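The listed protein sequences correspond, in order, to chains U and G. Oh and the first sequence: position 121 is 121 in our numbering, straight run, nothing missing. Just so we're on the same page, our numbering is the position in the second sequence counted from 1, plus 176.
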Amino acid sequence: MQARSSAPAWPAAIHRELKSWAVCQVAHVPDAGHTQLINLCAADKAMRVVPLTTEEEGVALLAGAWLGGERGVLLMQSSGVGNCINMLSLTRTCRLPLLAIVTMRGEFGEFNPWQVPMGRATPQALELAGVLCFRATAPEEVAPTVAAAARMAFEGPQATAVLLAQQLIGVKSFKQ
Amino acid sequence: MNAFTMKRAEKYGLRRREVVAALLKGRDDLLVIAGLGAAAWDCTAAGDRDLTFPLWGGMGGAVAMGLGLALAQPKRRVLVVTGDGEMLMGLGSLATVAAQPPRNLHIVVLDNERYGETGGQPTHTAGATDLAKIAQGAGIARASTVRSAAQLKSLVSGLFRKPGPVFTAVKVRAENPPLVLPPKDGSELRTRFRKALGL
Chain U
1 MQARSSAPAW PAAIHRELKS WAVCQVAHVP DAGHTQLINL CAADKAMRVV
51 PLTTEEEGVA LLAGAWLGGE RGVLLMQSSG VGNCINMLSL TRTCRLPLLA
101 IVTMRGEFGE FNPWQVPMGR ATPQALELAG VLCFRATAPE EVAPTVAAAA
151 RMAFEGPQAT AVLLAQQLIG VKSFKQ
Chain G
177 MNAFTMKRAE KYGLRRREVV AALLKGRDDL LVIAGLGAAA WDCTAAGDRD
227 LTFPLWGGMG GAVAMGLGLA LAQPKRRVLV VTGDGEMLMG LGSLATVAAQ
277 PPRNLHIVVL DNERYGETGG QPTHTAGATD LAKIAQGAGI ARASTVRSAA
327 QLKSLVSGLF RKPGPVFTAV KVRAENPPLV LPPKDGSELR TRFRKALGL
């Protein structure tokens, strides 16, 4: 877990990986764990950040992006995965690439019990919907995991998700 | 009882097939996303084209898909044609469009106030819901409702003349014209679309 005073290095590593895969549409419903990455993408002239009102919009948005020749990434927290399920039939039926990066809640020391049901169900829900899941728990695992998922997504094309474990992000609390 | 008026849409003058035929006439290189159900059949009836992507699922996603496409292809015109039921499922995407906002995206909702594919149950637009006002409230300033042949004519002649995003709800008669189905294989649909774009 990272102390607040020293920002972790892995969000910048994700940003570098996304650039190396020519990802240009960055769709998100925000999460505290994605803050640094969203800021890096927003500051990058080669990327367009698209805030969503709900996560399934991102699945449809990135389908349209790829039809038009652009690659994208969907950033969300685990509670948003359930919102995506029916829209993932578009990705699967049309054999479209999808790269999702999911910050995990409700799985390790979570203070909010309302996050637990969807957090616990996230890997199975994604896999049932045809999305290949890869987990990163330690900071040094993040970049290679994103690279592996991106390769399988864009060279497949296949639907992939990187789950950023709660141990990596740090446990949220309202006492800070 | 719900505050729905079922009889009203049976008397609307505009007919969905004629509306879509008029919108797509002389379409040239227009890119079209057709929302699932009757809107996709209408676009197919106007002529199945490689650069039309008809949806058979993903309800609520047509506008978001059109947005991704419009951002990826800023020099091409992108038209989303969908129905009121499909639009109601993805209302948030209108706010997402307004937040970008793409100049090359137009959205036309064929509003028959019905779920036409599931037995003709009323949608919320058969009651008090006004899609153009929702679009305006979402931040799409150019949003209006078309009810007459004269209004349709100016919609067609004005299409892509003004910078987008533009939203138009077209009130169409509640009817079930003959099915004209597009190809169903999603791989084929996306491959032909990308090939036609030179990708």
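Note that CB positions come from ideal geometry on N, CA and C, so glycine has one too. Since we're looking at a predicted model, the values are computed, not measured.
Around the beta-carbon of G:F369, 16 or more other beta-carbon atoms lie within 10 Å, marking it buried.
At a cut-off of 8 Å, the C-beta of U:M87 has a neighbouring C-beta in chain G. The distance from the Cβ of G:R193 to that of G:P353 is about 5 Å, consistent with a contact at the 8 Å cut-off. Just so you know, the alpha carbons of G:V257 and U:A138 end up roughly 46 Å apart.
The region 188–205 of chain G makes no contact with the region 51–68 of chain U: fewer than 3 CB pairs, one atom from each, lie closer than 8 Å. U:Q115: not part of any alpha helix (DSSP H); DSSP gives it neither H nor E.
Interface with chain G (8 Å Cβ-Cβ cutoff): U:L128 is excluded.
For G:I209, the chain U residues whose C-beta falls within less than 8 Å of its own C-beta are G64, listed in chain order. Look at the region 230–248 of chain G: the residues with a C-beta under 9 Å from a C-beta of chain U are L231, W232, G233, G234, M235, G236, G237, A238, V239, A240, M241, G242, L243, G244, L245, A246, L247, A248.
Taking G:D226 as the centre and dropping the five residues before and after it, the same chain places the C-beta of R368, F369, K371, A372 closer than 8 Å to its C-beta, in chain order. Residue state for G:T321 is assigned as strand, using DSSP reduced to three classes.
Judged by DSSP secondary structure, U:F134 falls within the beta strand (DSSP E) whose first and last residues are 132–136. With a contact defined as Cβ atoms closer than 8 Å, G:A214 and G:E289 miss out at about 12 Å. Residues of chain U whose Cβ lies closer than 7 Å to the Cβ of G:G268 are, in chain order, T53, T54, E57. Beta-bridge annotation (DSSP): G:H282 is paired with G:L255, G:V342.
Here U:V142 carries a helix assignment [DSSP, helix/strand/coil].
DSSP places U:L61 within a helical segment (H, G or I) once states are collapsed to three.
Just so you know, the alpha carbons of U:A149 and G:G296 end up roughly 43 Å apart. Proximity of chain U to G:T272 at the Cβ level (cut-off 8 Å) is accounted for by V50, P51, L52, T53, E57, L61, in chain order. Three or more beta-carbon pairs separated by less than 8 Å link the region 273–283 of chain G to the region 243–251 of chain G, which places the two stretches in contact. Remark: three or more beta-carbon pairs, one from each stretch, lie closer than 8 Å, so the region 225–241 of chain G and the region 257–274 of chain G are flagged as touching. Taking every protein chain shown into account, the CB of U:L128 has fewer than 16 other CB atoms within 10 angstroms, so this residue is exposed.
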